[in-house]
């Protein structure tokens, strides 16, 4: 007896439901799935057949009506193009054969007739006479066309009764039309003359404007399956995907499969035009319209609800309260109230979610505080870098140099210096943007070097060699100029001799990192001082004097804050031979300001 109880106790523990997911799945599967499955099979078999029959009947009525409308419309047009021998038209034909349009009496009379006919039927875009010399005279006036191509297409499309419908094609106003063509018989005509009527495809859209479900549609195709009209204009002129050579008429009524989808087609042939009207309905939409199944479903669901309510009392008590609490606290957090805290109860997924939520809020607070500190530091460093560039003595000396050049009539050189100074300050400000293209930063340095070279009497030469592949990438502004300034004042000018500055920029092989090297062949740095500077840049030594190595530290700190500790500035130098400042950054392909 005891062993039996222990067995059931172990079995109960193993089968005990601990997770909300398991509780929901098992409860609703047992209570809802079985009866709903039985109901679905029974209802589908009962009603789907009757629905299909109704849809078939309705679709055929729709397309048959559209076919009749097409026949009526084009029959009227055919009668419109059937003209008895007309004196004025015969006189116009003689004028055209003689290439003489000076007799305005006949020209204006025929144009007036064509213009009146143009308004007879809705959708009639143009009505015209086409002559064998390539002239086309219509209600829009006289213009030329390719008569050989026109006649070839007419002969290829001509029906037994002597008419042809061409197109679809754009007319001379670039509107999509189909053209009905009928020869005009006249004893005055030495060559063939045709009457034509252009019908705007919008008219076919009006005739076939029927909504077949959410995605269903109606299109019109000719005997070869080429689409004459389709709601999707890109498909016009293409062969329909539903066209079949093994079926009389090219289209089969009923269900058909294409590219993993099932469609229901209904067709009607228009004997006047030779076209086929095809309605396309999606089978899944037909199935979704099984209204009788819904009524049966509601009845069964009403019975199921009685049993579900008993379980819902327990589930609502066990699940709704903590979920609602979590929802409310999440909304408060989304509204920037980061003081919220959840008191988890139990050991299920909701309790675990509560613990995770508390950790997430705490981490968000830490990240926000850290981000604020970093943004303040970046802004401070950038303003210090900008302030460092706009030094009064730099501006004064540059302006003094410009005045001297103007007084000595060096106008062209003064103009170049003024332009360089203006570009220097414009690029320094960069419309307030923190991130700029590398090309802009390089141009900023060029202007600075140009100004400084003139100020110092061209005591040094410079070269800027930046790979063109990286010029359209983006970096923080004002990174390069402080390093170039160091090369001038602490490198070249300290050596008291002619010098050279090189600025190189390239993408490191096998990496997304961008490297800039600012080289000078100036005085160089003492080994102990070089080691000290690099230790300061790596954060291994703190400074008592904040102005010490200011420019280098500013660039280095901004690079590390923006990209991480692996980035920044490193110096390499040999005393008496020069110094190289190496700046490693991570550039972006897109402008983050946009």
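In the working numbering, the protein residues as written are 671 to 1264.
Every residue gets a Cβ at the ideal spot worked out from N, C-alpha and C, and that includes glycine.
- The segment 1169-1178 and the segment 1124-1138 touch, with three or more beta-carbon pairs separated by less than 8 Å.
- In the structure shown, residue 1246 falls within a coil segment according to DSSP collapsed to helix, strand and coil.
- Here the alpha carbons of residue 1248 and residue 1190 stand approximately 5 Å from one another.
- Contact check between the segment 1108-1128 and the segment 1137-1153: three or more CB pairs, one atom from each, fall below 8 Å, which counts as touching.
- Just measuring C-alpha positions, the residue of 889, 760, 840 sitting nearest residue 912 is 889.
- Under DSSP, residue 1185 shares a beta bridge with 1176, 1254.
- In this chain, the alpha helix (DSSP H) harbouring residue 1122 covers 1108-1125.
- A distance below 8 Å between beta-carbons, with the five flanking residues on each side excluded, links residue 1226 to the following residues of its chain, in chain order: 1207, 1238, 1239.
- For the alpha helix (DSSP H) assignment, the uninterrupted runs of no fewer than 4 residues enclosed by the segment 842-915 are, from N- to C-terminal side, 871-877.
- The beta carbon of residue 943 sits closer than 7 Å to the beta carbons of 740, 744, 835 from its chain, once the five residues preceding and following it are set aside; these are given in chain order.
- Going by beta carbons, residue 949 and residue 882 fall inside the 7 Å limit.
- Judged by DSSP in its simplified three-state form, residue 1144 adopts strand.
- Judged by beta-carbon spacing, residue 1252 lies within the 7 Å limit of residue 1187, meaning their Cβ atoms are closer than that value.
- Fewer than three pairs of CB atoms, one per stretch, sit closer than 8 Å, so the segment 851-864 makes no contact with the segment 916-925.
- With a contact defined as Cβ atoms closer than 8 Å, residue 1177 and residue 1203 miss out at about 26 Å.
- If you look at residue 802, you'll find it isn't in any beta strand (DSSP E); DSSP assigns it neither H nor E.
- With respect to the 7 Å criterion, residue 810 and residue 780 are not classified as neighbours on the basis of their beta carbons.
- A direct Cα-to-Cα measurement between residue 970 and residue 723 gives close to 26 Å.
- Residue 1171 carries a strand assignment under DSSP once its states are collapsed to helix, strand and coil.
- Residue 1135 carries a strand assignment under DSSP once its states are collapsed to helix, strand and coil.
- With a cutoff of 7 Å on beta-carbon distance, residue 795 and residue 870 are scored as near each other.
- Checking the DSSP bridge columns, you'll see residue 934 partnered with 925, 951.
- Boundaries around residue 1221 are those of the alpha helix (DSSP H), 1220-1233, since no beta strand (DSSP E) includes it.
- Residue 814 sits in a strand when the DSSP states are folded into three classes.
- Residue range 834-840 is occupied by the beta strand (DSSP E) that includes residue 835.
- Taking 7 Å as the cut-off, the beta carbon of residue 867 is found no closer than this to the beta carbon of residue 765.
- For residue 946, the secondary structure class from DSSP, reduced to helix, strand or coil, is strand.
- When DSSP reads this structure, residue 1241 sits in a beta bridge with 1251.
- In its chain, beyond the 5 residues on either side, 732, 888 have a beta carbon closer than 7 Å to the beta carbon of residue 880.
- Taking a 10 Å sphere around the C-beta of residue 1146, we find 16 or more other C-beta atoms and assign the residue as buried.
- The Cβ atoms of residue 891 and residue 946 sit closer than 7 Å to each other.
- Apart from the 5 residues on each side of it in sequence, residue 826 has no Cβ closer than 6 Å to any other Cβ in its chain.
- In the three-state reduction of the DSSP assignment, residue 783 falls in the helix class.
- 704 is the residue among 704, 1258, 1200 whose C-alpha sits nearest the C-alpha of residue 973.
- In the three-state reduction of the DSSP assignment, residue 797 falls in the strand class, which pools E and B.
- If you ignore the 5 residues before and after residue 1258, its C-beta comes within less than 6 Å of the C-beta of 1144, all in its own chain and listed in chain order.
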